[in-house]
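In what follows, a structure is listed as structure tokens, so that the remarks can point back to it.
Residue numbers (the numbering used here): 52 to 124.
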């Protein structure tokens, strides 16, 4: 749990560092890729539970496209 707290804190620090170096629209699009990383990491960690199905892949792609469209205006 301690490692998860450190990773989350570092993620937020790096997110705001990226915002100070680049525009909000660019950072938001890059940050929306966390859906893909979460998808693949959760499939590795939770092998006995839910797998990656076509529905999960389509939902992840839809979420990323939606975040990108919102960020681009």
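Yeah, the Cβ is synthetic: ideal placement off N, Cα and C, and Gly gets one too. Just so you know, these numbers come straight off a predicted model, no measurement behind them.
- A straight-line Cα-Cα distance of about 29 Å links residue 67 and residue 107.
- One Cα belongs to residue 81, the other to residue 95, and the distance between them is close to 22 Å.
- Straight-line spacing of the CA atoms in residue 111 and residue 90 works out to 8 Å.
- Cβ-Cβ separation between residue 76 and residue 118: approximately 11 Å, too far for a contact (criterion under 8 Å).
- CA-to-CA, the gap between residue 93 and residue 124 works out to about 31 Å.
- Look at residue 105 here: in three-state DSSP terms it is helix.
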